[in-house]
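As given, the protein sequences belong to chains A and B, one line each in that order. Per our numbering, the first sequence starts with residue 30, numbered consecutively. Per our numbering, the second sequence starts with residue 23, numbered consecutively. Single-structure report; data block below.
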Amino acid sequence: MNKPDLQTAAEHWVDDHGECLYRFALMRVRNQDVAEDLVQDTFLAAVRGYEKFGGRSSERSWLCGILKNKIVDHFRKLGRETSFTDVEFLSDEFSEKFVSVGFWNHDKGPHEWKAEADQVMHRSEFWQTMRDCLAKLPQKVRDVFTMREMDDVPSKEICALLSITDSNLWVMLHRARMALRECLEMNWFDQPAGGNA
Amino acid sequence: MPEEPYNPSPIGNPSVLARRNWWQTKLVIFIGKHTPKCREMVRILSKSLDEPMPLAMRIKKRIHYLICCWCQRYEEQLLYMRKTARAFAEHADESSNAVVPDEAKGRWKEVVSASARVMQGWSEKMEIAGRKFERPHLMWTRALLLTTITAIVAVGFVIAWTNLVRQKASLTDFRDEMISFAKVDPTLEMRSSDLSELMTWLATTHAMSGITIPEKVKSMEPVGCRTLRFRGNDVGLICFRRSNGRRLHLFVADRSAFPRLPSRNYAEFLAQGEWMTAAWADREHTYLMAIQSDQPVLQSLLSL
Chain A
30 MNKPDLQTAA EHWVDDHGEC LYRFALMRVR NQDVAEDLVQ DTFLAAVRGY
80 EKFGGRSSER SWLCGILKNK IVDHFRKLGR ETSFTDVEFL SDEFSEKFVS
130 VGFWNHDKGP HEWKAEADQV MHRSEFWQTM RDCLAKLPQK VRDVFTMREM
180 DDVPSKEICA LLSITDSNLW VMLHRARMAL RECLEMNWFD QPAGGNA
Chain B
23 MPEEPYNPSP IGNPSVLARR NWWQTKLVIF IGKHTPKCRE MVRILSKSLD
73 EPMPLAMRIK KRIHYLICCW CQRYEEQLLY MRKTARAFAE HADESSNAVV
123 PDEAKGRWKE VVSASARVMQ GWSEKMEIAG RKFERPHLMW TRALLLTTIT
173 AIVAVGFVIA WTNLVRQKAS LTDFRDEMIS FAKVDPTLEM RSSDLSELMT
223 WLATTHAMSG ITIPEKVKSM EPVGCRTLRF RGNDVGLICF RRSNGRRLHL
273 FVADRSAFPR LPSRNYAEFL AQGEWMTAAW ADREHTYLMA IQSDQPVLQS
323 LLSL
C-alpha cells in the first residue's frame with residue numbers, strides 16, 4: 030500500500046489523533062500548555078520520521094509511542110526529586126487485606142476478574158474508570174507508575190531520572206499497583222456494569 | 023490469637039489444596055510455613071514485573087499457589103493491569119472529555135503542514151541529487167571510465183607493439199646481435215655434414231622449412247645447425263666450413279621479422295669489423311649471412 034502524501038497525512042493526524050494524544054499528554058503532565066507543546070513536538074517528530082514508519086503498527090500506536098518518549102523527555106528535563114510523603118501516605122492503607130500472620134484475609138483477598146481483557150478494552154467506561162483510579166494515586170507515585178507501566182521505561186532509567194533508589198522505586202510501584210488493582214476491582218470489576226456483568 | 027494456626031487455604035476456596043482431609047491439612051500447613059507469606063508474596067510479585075525472579079523463588083511461588091488462589095489471582099491481575107496500562111494512551115480519547123483548544127489544533131496543523139512541506143521539498147532535492155548517482159547513470163559513468171581505460175591500454179599496447187615492430191625491423195640490431203653470436207663460435211645443436219639432414223632437423227623441430235640456400239654455399243661442407251631467439255622470433259643458424267677452415271654463418275628467420283629486405287640479387291651488405299654481412303629475403307624467409315671476409319667474397323657466394 031502506498032503511503033499518502035506527507036502533508037496530507039500530517040493534517041489527518043491532527044484531525045484523527047490530536048484529541049487522543051492531547052488527552053493522554055494532559056493526563057500525564059496536568060498542564061494544558063505543556064500538553065499542547067508535547068503533542069506539537071510529537072507531530073513534528075512524526076513528520077521527520079515518517080519515512081521510517083513502516084506501517085507495522087497502527088498510525089495511532091506509532092504516534093502514541095512518540096508522545097510517550099516526549100513525555101519521558103519532559104520529565105527528564107524537569108529532573109524532579111521525589112519525596113516520600115506520598116509513599117508514607119500509602120504505607121498502611123492495605124494492611125486490613127492481610128491477617129496478622131501475613132496471609133490474605135479470606136474475605137478481602139483479590140476477587141476473580143471475569144472480564145475478557147480484549148472486550149474490556151473496547152469499552153470507553155473502562156478507560157474512564159482507569160483514568161479516575163490513576164488520578165487517585167498521589168502525584169509522584171502516579172508519575173513513577175505511569176512511566177513504568179504506560180511508557181515502559183526501564184526501572185534503572187526511572188531511578189536515574191527521578192533520583193531514587195531501586196528499593197524506593199519498588200516500594201512505590203508495589204503500592205501503586207496494589208491501589209490501582211483495588212480501585213479497578215471496586216469501581217469496575219465488582220460493579221454490575223463492569224467486567225462481572 | 024486463635025489456638026489453631028491460621029488457615030491459609032480454607033475448605034471451599036478454589037486453590038488446588040484445601041484442608042479437605044488430614045493429609046491435605048498437613049500439606050497446606052507445611053507449604054504455608056515454607057513459602058513466603060501472602061503479604062510478602064505480593065511484594066515479590068510486583069518486583070518480578072521489574073526484574074527477573076530467581077529460579078528458587080519461582081518454584082516457591084508455584085508451590086505457594088497450590089494453597090493460595092488469591093496470590094495467583096493477584097499476579098494475573100498485575101499482568102492484566104500492565105497490559106491495559108500499555109494500551110491506555112491509544113484509548114486516552116475515551117478516558118476523558120478534555121477538549122483540544124481550537125487555537126492549539128489550528129497551530130498544530132499550521133506547524134505540521136509547514137514542516138511536511140519542508141520535508142517534502144528536502145526529500146525531492148535528495149531524490150534529484152540521488153538520481154545523479156542512481157544505478158543507470160553510475161553504470162554509464164563506469165562504462166565511460168572502462169572505455170577510457172581500455173583506450174589508454176590499447177594506445178599503450180599499440181605504441182609498445184610499434185616499438186617492438188620497429189625493433190624487429192631494425193636490421194642493424196639483428197646484424198649486430200648475430201655477429202656477436204657468431205664471434206663466440208656457438209655450440210651447434212645438430213652436427214652433420216649432410217645438409218639435407220640439417221634441413222630436416224630444422225623443419226621437424228622448429229618448423230623451418232622452405233629455406234633456400236645459395237648454390238655456392240650449398241657446395242661448402244655443412245658443419246651443423248641450431249636455433250636461437252631474437253626479439254621473439256625463432257632464428258635458425260646453419261654453419262658451413264669454408265675452404266680456409268673458417269665458418270660461414272647463415273642465419274634464417276621468418277620473413278615477417280624484416281619484411282622490407284630486398285631480394286638476394288639486391289642484398290644489403292654491411293661490414294662490421296672483420297665481419298662482412300649480407301641480408302636479403304625471399305617469400306618466406308629473411309637471411310643474414312656472415313663471414314670473416316670482405317664484400318666481394320660474400321658477393322661471389324651469393325651470385326648464381
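Backbone N, C-alpha and C define an ideal beta-carbon position, used for all residues, glycine too.
request  = Can you tell me which of Ala312(B), Arg41(B) and Glu62(B) puts its alpha carbon nearest to the alpha carbon of Phe52(B)?
outcome  = As a first step, residue 52(B) must be located in the second sequence, where it is residue number 30. The candidate whose alpha carbon is nearest that of Phe52(B) is Arg41(B).
message = Please classify Tyr288(B) as buried or exposed, where buried requires at least 16 other C-beta atoms within 10 Å of its C-beta.
response = The count along the second sequence starts at 1 and reaches residue 288(B) at position 266. Tyr288(B) comes out exposed.
request  = Would you kindly report the start and end of the unbroken beta strand (DSSP E) that includes Cys90(B)?
outcome  = Residue 90(B) sits at position 68 when you count from the first residue of the second sequence. Element bounds for Cys90(B): n/a, residue is neither H nor E.
message = With a threshold of 8 Å between beta carbons, is Gln46(B) in contact with chain A?
response = Translated into positions along the second sequence, residue 46(B) becomes position 24. With 8 Å as the cut-off, Gln46(B) does not count as an interface residue toward chain A.
Chain B within 8 Å of Val63(A), Cβ atoms only = By 1-based counting over the first sequence, the position of residue 63(A) is 34. It does not: the Cβ of Val63(A) has no partner Cβ on chain B nearer than 8 Å.
query = Mind checking Gly267(B): buried by the 16 CB within 10 Å criterion, or exposed?
reply = Along the second sequence, one-based indexing puts residue 267(B) at 245. The residue is exposed, with fewer than 16 neighbouring Cβ atoms inside 10 Å.
request  = Count the other CB atoms, across all protein chains shown, that sit within 10 Å of the CB of His41(A); report buried if there are 16 or more and exposed otherwise.
outcome  = Taking the first residue of the first sequence as 1, we reach residue 41(A) at position 12. Exposed is the call here.
query = Whole beta strand (DSSP E) runs in the region 176–262 of chain B with 3 or more residues, listed along the chain?
reply = Here the runs fully enclosed are 243–252.
query = On the three-state DSSP scale, how would you describe Gln294(B)?
reply = Within the second sequence, residue 294(B) is the residue found at index 272, counting from 1. DSSP places Gln294(B) within a strand segment (E or B) once states are collapsed to three.
request  = Measure the alpha-carbon distance for Leu39(B) versus Lys55(B) and round it to whole angstroms.
outcome  = Position 17 of the second sequence, counted from the first residue, corresponds to residue 39(B). Position 33 of the second sequence, counted from the first residue, corresponds to residue 55(B). Approximately 14 Å, taken between the alpha carbons.
request  = Compare the C-beta of Glu112(B) against all C-beta atoms of chain A and say whether one is closer than 8 Å.
outcome  = Here residue 112(B) is taken as the residue at index 90 of the second sequence, counted from 1. Glu112(B) counts as touching chain A.
Nearest candidate by alpha-carbon position, reference Gly34(B), set Leu67(B), Thr226(B), Ile89(B) and Ile66(B) = Within the second sequence, the letter at position 12 stands for residue 34(B). Cα-wise, what sits closest to Gly34(B) is Ile89(B).
Other residues of its chain near Leu49(B): CB distance less than 7 Å, five sequence neighbours each side excluded = What you label residue 49(B) is simply residue 27 of the second sequence in a count that begins at 1. The answer, listed in chain order, is Leu39.
task = In the DSSP assignment, find the unbroken alpha helix (DSSP H) run with Met311(B) in it and report its ends.
result = Walking along the second sequence from the start, residue 311(B) turns up at place 289. Careful: Met311(B) lies outside any alpha helix (DSSP H), inside the beta strand (DSSP E) at His307 to Ile313.
request  = Helix, strand or coil for His113(B), going by three-state DSSP, please let me know.
outcome  = As a first step, residue 113(B) must be located in the second sequence, where it is residue number 91. His113(B): helix per DSSP, three-state reduction.
Per-residue contacts from Cys93(A) into chain B (C-beta, under 7 Å) = Counted from its first residue, the first sequence places residue 93(A) at position 64. Within 7 Å Cβ-Cβ: Ala111 and Glu112.
Member of Met215(A), Arg52(A) and Asp219(A) whose CA lies at the smallest distance from the CA of Val121(B) = To locate residue 121(B), count along the second sequence from 1; it is residue 99. Considering only alpha carbons, the answer is Arg52(A).
request  = Just tell me which of His113(B), Met230(B), Glu116(B) and His271(B) has its CA closest to the CA of Cys261(B).
outcome  = Translated into positions along the second sequence, residue 261(B) becomes position 239. Residue His271(B) is the option with its Cα nearest to Cys261(B).
request  = Answer with yes or no whether the minimum CB distance from Tyr87(B) to chain A is below 8 Å.
outcome  = The count along the second sequence starts at 1 and reaches residue 87(B) at position 65. No, Tyr87(B) lies away from the interface with chain A (no Cβ there is under 8 Å from its Cβ).
ask   = Would you call Val319(B) buried or exposed, if buried means 16 or more other Cβ atoms sit within 10 Å of its Cβ?
value = Here the question's residue 319(B) lines up with position 297 in the second sequence. The residue in question, Val319(B), is exposed, as its Cβ has fewer than 16 Cβ neighbours within 10 Å.
ask   = Is the distance from the Cβ of Glu97(B) to the Cβ of Leu77(B) below 8 Å?
value = Here residue 97(B) is taken as the residue at index 75 of the second sequence, counted from 1. Here residue 77(B) is taken as the residue at index 55 of the second sequence, counted from 1. If you check the CB distance, Glu97(B) and Leu77(B) do not come in under 8 Å.
ask   = Can you round the beta-carbon distance between Trp142(A) and Ser117(B) to whole angstroms, since I take them to be within the 8 Å contact cut?
value = As a working note, residue 142(A) is residue 113 in the first sequence. As a working note, residue 117(B) is residue 95 in the second sequence. Their Cβ separation, rounded to whole angstroms, is 19 Å, which puts Trp142(A) and Ser117(B) out of contact at 8 Å.
inquiry  = Using C-beta distances below 7 Å, list every residue in its chain close to Arg57(A), excluding the 5 sequence neighbours before and after it, in chain order.
reply    = Within the first sequence, residue 57(A) is the residue found at index 28, counting from 1. Setting aside the 5 residues that flank it on each side, Arg57(A) is surrounded in the same chain by Ile100 and Thr175, each with a C-beta closer than 7 Å to its C-beta; the list follows chain order.
request  = Below 8 Å on the Cβ atoms is my guess for Phe82(A) versus Trp91(A); work out the distance and round it to an integer in Å.
outcome  = In the first sequence, counting from the first residue as 1, residue 82(A) sits at position 53. In the first sequence, counting from the first residue as 1, residue 91(A) sits at position 62. Right, the Cβ-Cβ distance comes to about 6 Å (below 8 Å), so this counts as a contact.
request  = Verify the CB distance criterion: does Met79(B) have a CB-CB separation below 8 Å to chain A?
outcome  = The residue given as residue 79(B) occupies position 57 in the second sequence. With 8 Å as the cut-off, Met79(B) does not count as an interface residue toward chain A.
task = Can you give me the start and stop residues for the alpha helix (DSSP H) that His103(A) sits inside?
result = Position 74 of the first sequence, counted from the first residue, corresponds to residue 103(A). Glu88 to Leu107 is the span of the alpha helix (DSSP H), which, as asked, contains His103(A).
ask   = Does Val231(A) get closer than 8 Å to chain B when you measure Cβ to Cβ?
value = Limits of chain A in this structure are 30 at one end and 226 at the other, which puts residue 231(A) out of reach.
query = From which residue to which residue does the alpha helix (DSSP H) around Val43(A) run?
reply = For the purposes of this step, residue 43(A) is taken as the residue at position 14 of the first sequence. Leu35 to Val58 is the span of the alpha helix (DSSP H), which, as asked, contains Val43(A).
query = Residues of chain B with CB under 9 Å from Gln69(A), in chain order?
reply = Against the first sequence, residue 69(A) aligns to sequence position 40. Result: Ala126, Arg129, Trp130, Val133 and Val134.
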